[in-house]
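Protein chains in written order, with numbering that gives the first Met the number 0: chain A, 0 to 280; chain B, 0 to 276. Take a look at the structure set out below.
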Amino acid sequence: MEFNLLRRKVNNYVILSLTFIAAAITVLPLLFIFYYTISKGITYLSLDFFINMPKPVGEVGGGMANAIVGTLILIGIGSAIGLPVGIMTGIYLADFGRNKLGKVVGFLTDVLSGIPSIVVGVVAYTLVVIPMRHFSAFAGGIALAILMIPTITRTTEEMIKLVPDSFREAGLALGIPKWKTSVNIVLRSAWKGIATGILLGLARVAGETAPLLFTALGNRFWSTKIFQPIASLTVYIYDYAKSPFSEWNQQAWTASLVLIILISLISLLFKFLTRSKYKSR
Amino acid sequence: MHNTINTINTINTIQPELTSKVIKEKVKKNIVVDVKNLAAYFGKTKVLKEINLPVPRNKILAIIGPSGCGKSTFLRCINRMHEVVGGTMTGEILFDGKHIMKYDPVQLRRKIGMVFQKPNPFPTMSIFNNVVAGLRLNGVRNKKKLSVIVEQSLKQVALWDEVKDSLQDSGINISGGQQQRLCIARAIAVQPEVILMDEPASALDPISTAKIEELLYELKKNYTIVIVTHNMQQAARVSDLTAFLYMGELIEFDKTSKIFTNPALKQTEDYISGRFG
Numbered sequence: 000m001e002f003n004l005l006r007r008k009v010n011n012y013v014i015l016s017l018t019f020i021a022a023a024i025t026v027l028p029l030l031f032i033f034y035y036t037i038s039k040g041i042t043y044l045s046l047d048f049f050i051n052m053p054k055p056v057g058e059v060g061g062g063m064a065n066a067i068v069g070t071l072i073l074i075g076i077g078s079a080i081g082l083p084v085g086i087m088t089g090i091y092l093a094d095f096g097r098n099k100l101g102k103v104v105g106f107l108t109d110v111l112s113g114i115p116s117i118v119v120g121v122v123a124y125t126l127v128v129i130p131m132r133h134f135s136a137f138a139g140g141i142a143l144a145i146l147m148i149p150t151i152t153r154t155t156e157e158m159i160k161l162v163p164d165s166f167r168e169a170g171l172a173l174g175i176p177k178w179k180t181s182v183n184i185v186l187r188s189a190w191k192g193i194a195t196g197i198l199l200g201l202a203r204v205a206g207e208t209a210p211l212l213f214t215a216l217g218n219r220f221w222s223t224k225i226f227q228p229i230a231s232l233t234v235y236i237y238d239y240a241k242s243p244f245s246e247w248n249q250q251a252w253t254a255s256l257v258l259i260i261l262i263s264l265i266s267l268l269f270k271f272l273t274r275s276k277y278k279s280r
Numbered sequence: 000m001h002n003t004i005n006t007i008n009t010i011n012t013i014q015p016e017l018t019s020k021v022i023k024e025k026v027k028k029n030i031v032v033d034v035k036n037l038a039a040y041f042g043k044t045k046v047l048k049e050i051n052l053p054v055p056r057n058k059i060l061a062i063i064g065p066s067g068c069g070k071s072t073f074l075r076c077i078n079r080m081h082e083v084v085g086g087t088m089t090g091e092i093l094f095d096g097k098h099i100m101k102y103d104p105v106q107l108r109r110k111i112g113m114v115f116q117k118p119n120p121f122p123t124m125s126i127f128n129n130v131v132a133g134l135r136l137n138g139v140r141n142k143k144k145l146s147v148i149v150e151q152s153l154k155q156v157a158l159w160d161e162v163k164d165s166l167q168d169s170g171i172n173i174s175g176g177q178q179q180r181l182c183i184a185r186a187i188a189v190q191p192e193v194i195l196m197d198e199p200a201s202a203l204d205p206i207s208t209a210k211i212e213e214l215l216y217e218l219k220k221n222y223t224i225v226i227v228t229h230n231m232q233q234a235a236r237v238s239d240l241t242a243f244l245y246m247g248e249l250i251e252f253d254k255t256s257k258i259f260t261n262p263a264l265k266q267t268e269d270y271i272s273g274r275f276g
């Protein structure tokens, strides 16, 4: 009896410690990331970084205004294509595609989410860049859209499926057509969860580098033209971090910090936009 | 005018059988929902067996019977919600003299409203928007008109005084009884002819239940109501007609007073007196 009790306590303690260690290992990299990006990136973080263009090697200072705007434009194009397609596919899968075709579409969506981003970049290169004969923000946006669609589709589907059938039935019983019930009642009830999915999708593509190398390419100059190559923070980070100039290496850290801030701002904005109109009791 | 009177006189004196035909027509017109030989299925399982049941206008018909006897399915056949969950049906249900399968389901459901067992106001909408959801989503945008309908509908369900100062609050921050009355207001805002109620008070406390029952009495003036209930006293209190279903079959259908005082069949008597079911 006594022995068993002791053994149980020891077992409990061991397992508890293991889970705690695993949790610490999970959180540790994030802390390192924050520590390094903030401590190293803060040097160049000033208003100048946001409003100035990159300076040539050797000159002190300069910013990444073109890359910040470029990243926003790329995310914008990606969302403009990826959000409607992803959300509507999700609605289809949850509310209309409860059949064989739906299952196939769902499976293909899962396969798509497992495709490495660099492969998506190559595909966008073949589909968009080669026919157009030059790199462009548009091609980059398409690559990002393809990458975000599966995440958004699956979260939309899951969230819509969580909405109780009683709301659907209430809508239908009021003589509201099925698609209007889906969009105005079900989608609105699921909106908060879907917004989280959108956010994950956006955050994921905002940090993509590989697919942009073949598509948006990058640009040393100021450009907001959709059909021209465009700069992005991630490609700048890639270029600057591997360059031999310590000045550039420093700026790569700052660019990383800015990228993290940018993503945080987008998620804050989303939280604000999707906040509930009503206080919950 | 003179001619018409003459014609009627002629009919009356010469062809009395024609007059009875006129009366028959009138009776027929008074039947708003006429169920003939209705059988309903889930896959191959037959859940309703050849039901014949006329529902007269501006009356309350109560459907009673033990759990699983097909009460809800019967209700859901009438507004074609049965097919939404993959069920099928054979036989005829005439609504205003026309087979329900000949209506567009969306149109039919605007004429035959439904109130569910659990109150289900739309959580993302205010009280105001809940009431007019059916209208707004069908394209009515005129704010003045919508306000008038909100006030009318909420007054009809005796909820107006309780929520008139919080119309813009969420529809789910009110009590369960209020929510159910809100759902009834939502159903009558689209001005249906028939309201189907699937145990509307079973999730509510006695006071809210009493309020809903009072309400039924008022609603009868303008609407025909078919109510499914587990509560025998409730059926006896509120309805004009009662139908007793058992194992998918219509056992007895008569005036409520008759069913509850002097039922024709022993099976009905046993059920209402609580000896089985």
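Yeah, the Cβ is synthetic: ideal placement off N, Cα and C, and Gly gets one too. Small disclaimer: the values here were computed from a predicted structure and weren't measured.
For L37 of chain B, the uninterrupted beta strand (DSSP E) segment begins and ends at I30 to F41. Closer than 8 Å to the CB of I175 of chain A there is at least one CB belonging to chain B. Taking C-alpha positions only, V46 of chain B is separated from I211 of chain B by approximately 29 Å. Within chain B, not a single residue places a beta-carbon under 7 Å from that of F269 of chain A; the smallest gap is close to 17 Å. Using a Cβ-Cβ cut-off of 8 Å, A132 of chain B counts as an interface residue toward chain A, since at least one Cβ of chain A sits closer than that to its own. When DSSP states are grouped into helix, strand and coil, Y35 of chain A belongs to the helix group. The way I'd put it, the segment 176–186 of chain A doesn't touch the segment 144–153 of chain A; fewer than three beta-carbon pairs between them come closer than 8 Å. Taking 8 Å as the cut-off, the Cβ atoms of V237 of chain B and Y216 of chain B count as close.
Rounded to whole angstroms, the separation of the alpha carbons of G174 of chain A and V105 of chain B is 5 Å. Per DSSP, the beta-bridge partners of L240 of chain B are B:L60 and B:K254. Going by beta carbons, Y222 of chain B and C68 of chain B fall outside the 8 Å limit.
Taking the Cα positions, G138 of chain B is about 12 Å away from K144 of chain B. For E91 of chain B, the uninterrupted beta strand (DSSP E) segment begins and ends at T87 to F94. In summary, E213 of chain B is exposed, with fewer than 16 beta-carbon neighbours lying within 10 Å of its beta-carbon over all protein chains present. The C-beta distance from E207 of chain A to T223 of chain A rounds to 20 Å, too long to meet the 8 Å contact threshold. In this structure H81 of chain B is buried. Its beta-carbon is surrounded by 16 or more other beta-carbon atoms within 10 angstroms.
Look at E168 of chain A: its C-beta is under 8 Å from a C-beta on chain B. For S181 of chain A, no Cβ of chain B is located within less than 8 Å of the residue's own Cβ. Non-local beta-carbon contacts of T42 of chain A in its own chain, meaning distances under 8 Å to residues more than five positions away in sequence, involve Q249, W252 and T253 in chain order. At least 8 Å separates the CB of P199 of chain B from every CB of chain A. Among the residues facing chain A, M196 of chain B is not included, as its CB has no counterpart in that chain under 8 Å away. When the beta-carbon positions are compared, A202 of chain A and M158 of chain A stay at least 8 Å from each other. With its beta carbon less than 8 Å from one in chain B, L171 of chain A belongs to the interface. Bridge pairing for I41 of chain A: absent [DSSP]. Among the residues facing chain A, K117 of chain B is included, as its CB has a counterpart in that chain under 8 Å away. Between G42 of chain B and the set B:T87, B:A61 and B:K48, the nearest pair of CA atoms involves B:T87.
Listed by position along chain B, the residues whose Cβ is nearer than 9 Å to that of R7 of chain A form an empty set, because the closest Cβ is around 44 Å away. Closest by C-alpha distance to I59 of chain B, out of B:R274, B:E268 and B:K254, is B:K254. With respect to the 8 Å criterion, P118 of chain B and N129 of chain B are not classified as neighbours on the basis of their beta carbons. Taking a 10 Å sphere around the C-beta of G175 of chain B, we find fewer than 16 other C-beta atoms and assign the residue as exposed. T36 of chain A counts as buried, since no fewer than 16 other beta carbons sit within 10 angstroms of its beta carbon. One finds nothing in chain A with a Cβ atom closer than 7 Å to the Cβ of R180 of chain B; even the nearest lies about 15 Å away.
Positions of the alpha helix (DSSP H) runs, each at least 4 residues long and wholly inside the segment 221–278 of chain A, are given as 232–240 and 245–272 in order along the chain. At least one CB of chain B lies nearer than 8 Å to the CB of S188 of chain A. Residue contact with chain A for T123 of chain B: present (Cβ-Cβ distance below 8 Å to some residue of chain A).
A distance below 8 Å separates the beta carbons of F226 of chain A and S135 of chain A.
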